[in-house]
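Comments concern the structure below.
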Amino acid sequence: MILALKKYLSRLPEKIWFRAMLFSVAAIATAVAAEWVGPLLPYEGDLEVASGSVGDILTILASSMLAVIAFSVSIMVSAYGSATSTATPRTIALMLADDRSQNALSTFLGTFLFSIVGIIGLSAGYYDDRGRIILFFATIAVIVVITGTLINWIQQLSTFGRMNDLIERVEMAASKALRWHGQHPYLNAQPPVEIPKEALPVSSDIASGVVTSVDLDQLEEAAEKYGVTVYLAIHPGKLVYPARPLLYLSGDEANGADHQPFRDAILVEHERSFDQDPRFGLVVLSEIASRALSPAVNDPGTAISVLDSGLRCFEVLAQASSAPEDAQYSRVHGPVITTEDLFNDFFAKIARDGAGMVEVQQRIQLCLLALAQSWPDIFSAAASEASRNALARALDTIVHKPDIKDLKARSQRVIDSGGT
0 MILALKKYLS RLPEKIWFRA MLFSVAAIAT AVAAEWVGPL LPYEGDLEVA
50 SGSVGDILTI LASSMLAVIA FSVSIMVSAY GSATSTATPR TIALMLADDR
100 SQNALSTFLG TFLFSIVGII GLSAGYYDDR GRIILFFATI AVIVVITGTL
150 INWIQQLSTF GRMNDLIERV EMAASKALRW HGQHPYLNAQ PPVEIPKEAL
200 PVSSDIASGV VTSVDLDQLE EAAEKYGVTV YLAIHPGKLV YPARPLLYLS
250 GDEANGADHQ PFRDAILVEH ERSFDQDPRF GLVVLSEIAS RALSPAVNDP
300 GTAISVLDSG LRCFEVLAQA SSAPEDAQYS RVHGPVITTE DLFNDFFAKI
350 ARDGAGMVEV QQRIQLCLLA LAQSWPDIFS AAASEASRNA LARALDTIVH
400 KPDIKDLKAR SQRVIDSGGT
């Protein structure tokens, strides 16, 4: 329950309604506070023109912002639908969390409410002369903010939801998760070891779902409380069900330990998320490439762009893995995610769906060669295996002999780079 609450609170800034609520509350507070701030001013200047025109300005703002909000929402919904049909539905979560679109919509809504509250206050005689002047200057400041937001939003609309934009978003999310994974290869816990035969399995007590987060602090605290050692059997992204152990407990007090605190440290939800799951971003990238390689789309160029993005993601992983941080938790042994698993999530699906496209197969081999040559200690074995599998798929489909010869040569360079 605590972990679910933490996860919910951490995701609040990504919610459109949350940011819109904050902007709206600030806007209403500004309009209401104008009357309170007015009497504090020592200035007695004559600004009747300014104070008299504020009502007209607010009316224009209210009507125009309502139209802008409707237009912006329609554009965003259209972009979400386009992303679902052209890329993959898994990109929608990243688009919903986009800062610029949230700021734009929240600013427009806040301006609309500011204008409405200001008009109501003016109609009700809420403001005196000084309050009207303060409201006027607040309105000018709002117009400046709106102008900057509109310019930024117009620029955003030129790329929002386009294929390159979607690939870049997924690449950034995948790189972030892979960087953390490289720095903390076992979730910041101890390396995995062989689980003792007498260790007690702890399974989920809820319906099947996907692990999205693991609270190592809570696991360490529970392990110290009961004097046991924890062996994690899952990692974020794994499908769990009642018969599948989440973890194992070992120690003299394992039989008397309450399993619920250990279960509560593992959050199981219906859908995967990018946060702690280094494999999910690679899976989503491969889905975009697979959609592009389908007969209905037939766009190998997009698949090649995805391969380049995946290459950069693995480079981020390699750089982070070169200096991993020391384990922070002494009583918890973390799970392992192998390089072969990561390569299979990304390269295998693209190689399957692009088996008959020479340019895609060539780029696969080139990316594998780049990884095998640049970081042989990390990627050589997995790259060699992935190269063999991709070549085998290509040979089942491609019949042109020069193409076959070229792909065999490329694959051999990958294998030779790995020394296997």
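Residue 276 in numbering that gives the first Met the number 0 sits at position 277 of the sequence shown, with consecutive numbering throughout.
Backbone N, C-alpha and C fix where the C-beta goes; we use that ideal spot for every residue, glycine too.
Candidates the options, of which the one nearest residue i by Cα
i	options	result
residue 363	351, 374, 200	351
residue 306	274, 140, 317, 292	292
residue 206	155, 267, 198, 248	267
residue 183	29, 303, 324, 229	324
residue 179	303, 332, 313	313
residue 265	245, 372, 65, 405	245
residue 150	361, 130, 107, 406	107
residue 388	327, 192, 346, 412	346
residue 335	235, 88, 116, 29	235
residue 308	254, 202, 281, 79	281
residue 250	198, 62, 295, 270	198
residue 213	14, 263, 58, 360	263
residue 353	135, 294, 71	294
residue 153	130, 74, 188, 129	74
residue 130	141, 142, 117	117
Sheet register partners of residue i (DSSP bridge)
i	result
residue 95	DSSP output for residue 95 lists no bridge partner at all.
residue 394	Paired residues: none, contrary to the question.
residue 244	202
residue 249	228
residue 365	DSSP, once it has assigned bridges, lists no residue as partnering residue 365.
residue 332	189, 230
residue 239	208
residue 265	213
Beta-carbon gap between residue i and residue j smaller than 9 Å
i	j	result
residue 121	residue 315	no
residue 138	residue 231	no
residue 274	residue 225	no
residue 66	residue 162	no
residue 112	residue 14	no
residue 368	residue 416	yes
residue 299	residue 359	yes
residue 109	residue 26	yes
residue 191	residue 332	yes
residue 413	residue 373	no
residue 168	residue 83	no
residue 173	residue 277	yes
Rounded Cβ spacing between residue i and residue j (contact assumed at less than 8 Å)
i	j	result
residue 284	residue 366	That pair is no contact at about 12 Å.
residue 288	residue 349	5 Å
residue 19	residue 104	6 Å
residue 114	residue 155	Their Cβ separation, rounded to whole angstroms, is 23 Å, which puts residue 114 and residue 155 out of contact at 8 Å.
residue 78	residue 159	5 Å
residue 338	residue 381	4 Å
residue 327	residue 102	No, residue 327 and residue 102 are not in contact; Cβ-Cβ is about 35 Å, not under 8 Å.
residue 271	residue 279	5 Å
residue 410	residue 379	Between residue 379 and residue 410 the Cβ distance is about 14 Å, and since that is not below 8 Å, they are no contact.
Any chance you could list the alpha helix (DSSP H) runs of at least 4 consecutive residues sitting entirely within the region 147–227, in chain order? Segments of the alpha helix (DSSP H) lying fully in the region 147–227: 162–182, 215–225.
Residue ranges of each beta strand (DSSP E) run of no fewer than 3 residues wholly in the region 334–363, ordered along the chain? Qualifying beta strand (DSSP E) stretches: none in this window.
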